Structures are given as C-alpha cells and as structure tokens.
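In this note's numbering, the protein residues as written are 75 to 277.
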C-alpha cells in the first residue's frame, strides 16, 4: 500500500498514464484519494450516501477529462477543490428544493476529526479527550485542522482548497493546537484524583 509520500512521488507518472488512457493507473489514483475525499465530502454534507456519490462524480468527471489531466498543476488540490465545489453545489440544490436551509448558514463540521490512534501512542482515554477537544473547535478551525493533520495537506494547499489565506490557516491551526493542548493538560491534571478514586472504589 502507498504511503502519502510514496504515492505523491508516484503521482506524475500516474497522471501521465491516466492521460494516455490507462484504467489501471486511474484505479490507483482512485484508491489513493477516495477515502480522504470521502471523509472531506462527508464533513461538509453529513450524508454518507451523498458523500460517496459526490466523490464518484468527481472521479467520473476526471476520467472523462483525462486527456487534459497533465495540465493540472496540483492534482491533490484539484481533487479537494472539485469535491468541495460539488458538495457545496449539492447543499445549494438541497436548500432550494427544501426551501428550508439557508446556504449561508450551513454548519461545516467533521465526522472523524483529530489524530489517528496509530499516530499517537497514548492511552485511549487521552485520545478520546483529543477527539472531544477537536469536535468542540469552531467549524472552520476544525475543518482546517482535519485537512492539515489528518489528510496531510500543506498550508498552501489548504488555502487553495478553502479559498483563504495562509495566514488564516496558520492562525486557525494555532487556535486548534492551543485548545487541544489545554484540554489534554487539564485531563492530565485531573488524572491522579481519578486514579485515587478508582483505587478507593476497588478496595
């Protein structure tokens, strides 16, 4: 299986092969990006079925336009941006159909924010505290944190995908890290008291 680094290094060759019509190369691109794009789409629309459809639609369009894929400067940014635009178009369409949802009031949140347990060798309790802290971040802050920490995008790439400045990315990440650190530190401070209470209950 590809790691992010090895796959990113292989992308130029895969792009050339896809441009030439290689279905095998296209499947490799699909499998490498699908899960990350799916979680990104789901974080925007909160509907699993439609998130799957959105990502499928993005890849279908990519295949139909494969002859021009080599002209794409950054395929990762292109796919995330296409997924975002397709998801937002879906939300706008749903808003018009229902006449109940104002697009400007759509709350962008995340399904699975935070670090993965494989990346952080910490107790399940502290890991849960981190996830809880991330879940409580402001919507944009949470989205930026997810794209940087979970999906591995660079600040410049996140800025392009979301249409905001790198300074904004930096500020949002600083807020996220500070709030998560405060939550974890507070939990550590309470840990001795909890352990003492557990020993007392067990005796």
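Just so you know, even glycine gets a beta-carbon here, dropped at the ideal spot from N, CA and C. Model, not experiment: these values are computed from the prediction.
In this structure residue 146 touches residue 152 by the C-beta definition: roughly 5 Å separates them, less than 8 Å. The beta carbon of residue 132 lies closer than 8 Å to those of 111, 153, 156, 157 and 160 in the same chain, with the five residues before and after it left out. Here the C-alpha atom of residue 168 lies approximately 46 Å from the C-alpha atom of residue 263. Residue 139 carries a coil assignment under DSSP once its states are collapsed to helix, strand and coil. In the structure shown, residue 93 adopts helical secondary structure according to DSSP, grouped into three states. Of the residues 235, 126, 259 and 222, the one whose Cα lies closest to the Cα of residue 248 is 222. By the neighbour-count criterion, in which 16 or more other beta carbons inside 10 Å mark a residue as buried, residue 203 falls on the buried side.
In this structure, residue 117 sits near residue 217, with a CB-CB distance shorter than 8 Å. With respect to the 8 Å criterion, residue 129 and residue 108 are classified as neighbours on the basis of their beta carbons.
The three-state reading of DSSP puts residue 83 in helix, counting H, G and I together. Burial is judged here by how many other beta carbons sit within 10 angstroms of a residue's own beta carbon; residue 99 has at least 16 and is buried. Counting other Cβ atoms within 10 Å of its Cβ, residue 139 stays below 16 and is therefore classed as exposed. In the DSSP assignment, residue 217 falls within the unbroken alpha helix (DSSP H) covering 213-219. Counting the other CB atoms within 10 Å of its CB gives residue 255 a total below 16, which places it among the exposed residues. With contacts defined as CB atoms closer than 8 Å, residue 240 and residue 233 qualify as a contacting pair. Distance from the CA atom of residue 237 to the CA atom of residue 258, rounded to whole angstroms, is 31 Å. Membership of residue 235 in the alpha helix (DSSP H) is indicated by the continuous run 229-236.
Between the C-alpha atoms of residue 142 and residue 205 there is a straight-line separation of about 40 Å. The Cβ neighbour count for residue 102, taken over all protein chains shown within 10 Å, is at least 16; the residue is labelled buried.
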